[in-house]
Amino acid sequence: MELIVDGLYKSFGEKEVLCGASHTFKQGKIYGLLGRNGAGKTTLFNLIAREESSDDGLVELCRDGRCALLENEDYTYLYATPTLPDFLTGMEFLRLFQDIVQENKARSHTAHPWDPLGQRPVSWYLDRLKFPEEDALRLIKHYSHGMKNKLQMMMFLISGSPVILLDEPLTALDIVAAREIKELLRSIRSEHIILFSTHILALAQELCDEIVLLHGGRLEPVDSSLIRTQEFEEMVVSLLTQGEAKGSSPSPCAARK
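The opening position of the sequence shown corresponds to residue 10 in the working numbering, with each subsequent residue numbered one higher.
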């Protein structure tokens with residue numbers, strides 16, 4: 010299974026953000042997406058998730074030799090700032106979400122990699138994320154940022170979506186919760202294509218199998234054999250500052266022309 014990002018262009022007025030961004034992401038790997046602030050990482054995720062439309066280019070999911078545009082059931086998008094219904098308890102929300110997923114999968118006849126029948130109890134997902142049941146019975150409006158992030162993680166387990174987009178998912182998690190999430194991602198990567206955006210270079214080095222830089226409006230893979238070397242940070246900084254000049258900030262696409 011492959012997620013193919015092919016020639017994405019996106020501008021906001023006169024501001025060019027992506028100019029031909031292309032890369033093929035493969036099942037079984039955690040990909041780290043690195044870039045400077047404002048480089049367009051969230052924009053790229055929004056285009057993949059069809060929350061924004063591109064000016065040109067396409068995103069396809071290829072399985073068993075057949076490629077098609079990404080459908081809603083093909084991906085789960087975890088936001089840097091979780092948007093969840095504060096008026097529900099965690100348990101109510103997860104049960105509602107599970108009902109929606111089961112209904113959609115019954116209509117589309119799609120299999121679930123964790124639970125082919127889509128009928129695991131919510132308690133199974135709570136245990137998987139070490140989320141106490143007493144917390145699940147509280148209203149979401151009383152949750153910390155980290156608890157909301159864990160709730161998002163349970164959403165992609167329930168959905169079974171092949172593509173997982175993680176926009177700064179470990180923000181505000183304590184050290185124990187962050188370790189649990191990292192272990193979870195490693196344990197499920199064989200079934201998924203996981204894209205993970207972060208500003209934390211050390212985290213990307215620790216967790217990711219491959220790292221792709223978003224720079225100058227394009228996606229540039231980094232030699233995976235260098236990820237865990239001492240020279241990696243210096244190399245990334247050098248690549249992300251290429252072409253910069255003091256006092257100037259040309260559009261990324263103009264810099265490519």
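No residue lacks a Cβ here, since even glycine has one placed at the ideal position from N, Cα and C. Bear in mind the structure is a predicted one, so any value in this text is a computation, not a measurement.
Residue interval of the beta strand (DSSP E) (run including tyrosine 40): 38-43 is the span of the beta strand (DSSP E), which, as asked, contains tyrosine 40.
8 angstroms contact criterion, which aspartate 95 and leucine 148 should meet: CB distance rounded: Cβ atoms of aspartate 95 and leucine 148 come within 8 angstroms of each other, at about 7 angstroms.
Beta carbon of isoleucine 167 nearer than 8 angstroms to that of glutamine 36: Cβ atoms of isoleucine 167 and glutamine 36: not closer than 8 angstroms.
Beta-carbon proximity check, leucine 93 vs leucine 160, cutoff 8 angstroms: It is a contact, given that the beta carbons lie within the stated cut-off.
Beta-carbon proximity check, methionine 40 vs leucine 204, cutoff 8 angstroms: Note that residue 40 is tyrosine in the sequence shown, not methionine. Going by C-beta atoms, tyrosine 40 is nearer than 8 angstroms to leucine 204.
Cβ shell of phenylalanine 34 (< 6 angstroms), same chain only, five flanking positions each side left out: Sequence-distant partners of phenylalanine 34 (beyond 5 residues in either direction) whose C-beta falls short of 6 angstroms from its own C-beta, in its chain, are Leu12, Tyr40 and Ile202.
Start-end ranges of the alpha helix (DSSP H) lying completely within the region 165-243, minimum 4 residues: Residue ranges of uninterrupted alpha helix (DSSP H) with 4 or more members, entirely inside the region 165-243 and ordered along the chain, are 184-197 and 210-216.
Contacting residues, own chain, Cβ-Cβ under 7 angstroms from leucine 135 (five flanking each side not counted): Result list for leucine 135: Glu142 and Ala145, in chain order.
Inter-stretch contact at 8 angstroms, needing at least 3 Cβ pairs: the region 56-70 / the region 216-229: Between the region 56-70 and the region 216-229 there are fewer than three inter-stretch CB-CB distances shorter than 8 angstroms, so the stretches are not counted as touching.
Valine 26 versus tyrosine 18 - alpha carbon distance: A straight line joining the alpha-carbon of valine 26 with that of tyrosine 18 spans about 8 angstroms.
Residue from Glu243, Arg129, Leu222 and Lys139 with nearest C-alpha to glutamate 192: In terms of CA proximity to glutamate 192, Lys139 leads the group Glu243, Arg129, Leu222 and Lys139.
Anticipated Cβ contact below 8 angstroms, serine 31 with glycine 16, distance rounded: With a beta-carbon spacing of about 5 angstroms, serine 31 and glycine 16 fall inside the 8 angstroms limit used to define contacts.
Endpoints, the beta strand (DSSP E) within which isoleucine 57 is located: Annotation: isoleucine 57 is outside any beta strand (DSSP E); the continuous alpha helix (DSSP H) that includes it extends over 50-57.
Candidates Ser233, Glu177, Glu215 and Leu182, of which the one nearest lysine 50 by Cα: Lysine 50 has its Cα closest to that of Glu177, out of Ser233, Glu177, Glu215 and Leu182.
C-alpha distance - leucine 126 paired with arginine 59, whole-angstrom precision: Reliability of the predicted coordinates at leucine 126 is poor, the pLDDT of 44 falling under 50, and the value obtained from them is presented with this limitation in mind. Between leucine 126 and arginine 59, the alpha-carbon positions lie close to 28 angstroms from each other.
Neighbourhood of glutamate 242 by C-beta, 8 angstroms cutoff - its chain only, sequence neighbours within 5 removed: Closer than 8 angstroms at the Cβ level, and outside the excluded window around glutamate 242, lie Leu210.
Opening and closing residue of the beta strand (DSSP E) in which glutamate 69 lies: That run of the beta strand (DSSP E) goes 65-72.
CA nearest to the CA of arginine 104, picked from Ala213, Ser132 and Ser206: Of the listed residues, the one whose Cα sits closest to arginine 104 is Ser132.
Between the CA atoms of leucine 79 and valine 14 - distance to the nearest angstrom: Put simply, the backbone Cα of valine 14 is about 11 angstroms away from that of leucine 79.
Nonlocal neighbours in the same chain, by C-beta distance under 6 angstroms from alanine 48, ignoring five residues either side: Excluding positions up to five away in sequence, the list reads Leu223.
Phenylalanine 106 - DSSP class collapsed to helix/strand/coil: Here phenylalanine 106 sits in helix by DSSP.
Distance between beta carbons of leucine 249 and serine 206, contact taken as under 8 angstroms: Contact doesn't hold; Cβ gap of about 14 angstroms is too wide.
Pairwise C-alpha distance: glutamate 69 and valine 172: It is roughly 11 angstroms from the alpha-carbon of valine 172 to the alpha-carbon of glutamate 69.
Boundaries (first-last residue) of the beta strand (DSSP E) holding tyrosine 152: For tyrosine 152, no beta strand (DSSP E) segment is defined, and its DSSP state is neither H nor E.
Rounded straight-line distance, which links the Cα of methionine 164 to that of phenylalanine 106: Phenylalanine 106 and methionine 164 have their C-alpha atoms some 7 angstroms from each other.
Limits of the unbroken alpha helix (DSSP H) element including alanine 30: Run containing alanine 30: none in the alpha helix (DSSP H); it sits in the beta strand (DSSP E), 24-35.
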